[in-house]
Amino acid sequence: MKTAKLIIPLIIFVISVEYSLSAAFAQNAPTASVASTGVPPKLGTLAGSLTPELLILKHIEQELKEKYRKEIYTPPAIQSLFFSGSEQTLIREARSGFNTQVPTEGLGLDDQDEEIPVFEKEQSVSEDDNRITDRKLSLGGIVFLTPDNWTIWLNKRRITAATLPKEAIDLRVYKEFIEVKWLDPVSNKIFPVRLRPNQTFSLDAQTFVPG
456 MKTAKLIIPL
466 IIFVISVEYS
476 LSAAFAQNAP
486 TASVASTGVP
496 PKLGTLAGSL
506 TPELLILKHI
516 EQELKEKYRK
526 EIYTPPAIQS
536 LFFSGSEQTL
546 IREARSGFNT
556 QVPTEGLGLD
566 DQDEEIPVFE
576 KEQSVSEDDN
586 RITDRKLSLG
596 GIVFLTPDNW
606 TIWLNKRRIT
616 AATLPKEAID
626 LRVYKEFIEV
636 KWLDPVSNKI
646 FPVRLRPNQT
656 FSLDAQTFVP
666 G
């Protein structure tokens, strides 16, 4: 590469000298036809006027042109096989949006006659009602020690890094606030929310409410 940097200015100088010599010899040389000599006048003049040093430089110039003409960068046809950060986030959110459950066995003829106790029916209905009506996120407090050692009280539940609720797709805890991506099982939507202690976010109104 250093040799090429030194030779390129020299080539430019040689070309300028070459054209000067060709112009000078063209004025003094007698006119000859191409048919009589078989060589064009300009080429014949240049061949006769160039010294051995200039011929060597002309040869080097030609080699450099051939060398750098072949070294053309071609971008690879294979695209990157790694996902960017935004693509990984979209993949996680898309996977969390699918509601899946373990398949259960269907009821047989003998099971259809079995009645469910009344108190179990009332208990299941009340749990479903509470799950549907309690559509809010309320942060009671934060105890932050390290990014991996913390405790928060969300919806009156004590939550640690080892006891994350299934609705919390991505939960990050800081000293003064938390950032959570909450999957609402009713609407099947993901709500990104930042909460501070004693703040409540309504999933229905999609806004912060007192309390």
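Everything in the sequence shown is counted per the numbering used here, starting at 456 for the first residue and increasing by one.
Where is the CB? At the ideal position from N, CA and C, for every residue including glycine.
Please determine, among the options, the residue with the shortest C-alpha to C-alpha distance to residue i.
i	options	result
residue 634	649, 643, 642	649
residue 592	523, 545, 602, 658	658
residue 590	541, 621, 661	661
residue 632	594, 515, 513, 549	594
Would you report the Cα separation of residue i and residue j, rounded to the nearest angstrom?
i	j	result
residue 665	residue 537	44 Å
residue 654	residue 542	31 Å
residue 643	residue 523	60 Å
residue 640	residue 601	30 Å
residue 577	residue 619	Bear in mind that a pLDDT of 49 at residue 577, under 50, signals an unreliable position, so the number given afterwards is only what the model happens to contain. Spanning the two alpha carbons is a distance of roughly 28 Å.
residue 492	residue 519	In this predicted model, residue 492 has a pLDDT of only 45, less than 50, meaning its place in the structure is not dependable enough to derive any value.
residue 647	residue 540	17 Å
residue 549	residue 609	25 Å
residue 603	residue 615	9 Å
residue 517	residue 545	55 Å
residue 506	residue 521	23 Å
List the endpoints of the continuous beta strand (DSSP E) containing residue i.
i	result
residue 642	Premise fails: residue 642 is in no beta strand (DSSP E) and is neither H nor E.
residue 604	604-609
residue 654	654-657
residue 663	662-664
residue 539	Where residue 539 is concerned, there is no enclosing beta strand (DSSP E), given that its DSSP letter is neither H nor E.
residue 623	623-628
residue 672	A query on residue 672 cannot be resolved here, the shown segment of the chain reaching from 456 to 666 and no further.
residue 612	612-615
Give every residue of the same chain whose Cβ lies closer than 7 Å to the Cβ of residue i, excluding the five residues on either side of it in the sequence, and list them in chain order.
i	result
residue 628	597, 599, 605, 607
residue 623	635, 637
residue 612	none
For residue i, I'd like the list of residues in its chain whose CB is within less than 8 Å of its CB, leaving aside the five on either flank, ordered along the chain.
i	result
residue 547	624, 625
residue 630	597, 599
residue 663	654, 655, 656, 657
residue 645	548, 551, 552, 624, 636, 637, 638, 639
For residue i, I'd like the list of residues in its chain whose CB is within less than 6 Å of its CB, leaving aside the five on either flank, ordered along the chain.
i	result
residue 651	632
Are any of the Cβ atoms in chain B nearer than 8 Å to that of residue i?
i	result
residue 591	Of the chains in the structure shown, none is chain B; there is only one protein chain.
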